[in-house]
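Reading through the structure tokens given below for one structure.
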Amino acid sequence: MGPFAFVAFSALIVTGQPSNAAYLDKVAAIRDGNPNCPHCVLAGADLSNQCVKGGNLQGADFDNARLVLTCMSNANFRGATFRRADLSGANLARSNLDGADLTSAVVVSTSFKGTDLTRAKGLTQAQLDTACGDADTKVPAGMTVRTCN
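For the sequence shown, the numbering used here gives the first residue as 21, with consecutive numbering after it.
Written as structure tokens, this is what we have:
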């Protein structure tokens, strides 16, 4: 294994992400205010306190990502993966989560105001008990969400 391969392999072990320019460029673009990144692989990224409001992130992979206090309202997350992502305090108001996978996502104090969650995958009542919504929030049959303060 050459020195570059070892550095790339080491980065993968330490960060859980491949050490490649495309991944880093996508994260940098979002941090610079470009919220459009459909089908991006952002697994493990830390995008806390960023804004992707109104962005197109359809099919993006946010597996194990840190999205704490991220403004994500009015964005397209159709088919996105949020498995084990930390969405604590994130604002997902009026976002498209049709087919999004929320399996084991942390949604403590996450706002789902006006969001249709009926076709979200992996969503549990325990998650909804820590999040909030409003009268326009739609949840799967048999589930409820408390009203945001």
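C-beta: ideal position from N, C-alpha, C; glycine also. Here the structure is a predicted model, which means the values were calculated and not measured.
| Query | Result |
| --- | --- |
| Taking three-plus beta-carbon pairs below 8 Å as touching, is the segment 118-128 in contact with the segment 156-167? | no |
| DSSP state of residue 46, grouped into three classes? | helix |
| Would residue 105 pass as a contact of residue 132 if the rule is Cβ separation under 8 Å? | no |
| Mind checking whether residue 92 and residue 115 have CB atoms under 8 Å apart? | yes |
| Whose CA, out of 129, 57, 149, 144, lies closest to the CA of residue 160? | 144 |
| Cα separation between residue 128 and residue 152? | 9 Å |
| My guess is that residue 117 and residue 85 are in contact by the Cβ rule of under 8 Å, so how many angstroms apart are they, rounded? | So it is not a contact: roughly 15 Å between Cβ atoms. |
| Taking only runs that begin and end inside the segment 65-108, name each unbroken alpha helix (DSSP H) of 4 or more residues, in chain order. | none |
| Assign residue 44 to buried or exposed, taking buried as 16 or more other Cβ atoms, counted over all protein chains shown, within 10 Å of its Cβ. | exposed |
| Got a sec? Which residues, its chain only, sit under 7 Å from residue 95 by beta carbon, not counting five neighbours each side? | 55, 72, 73, 74, 75, 77, 115 |
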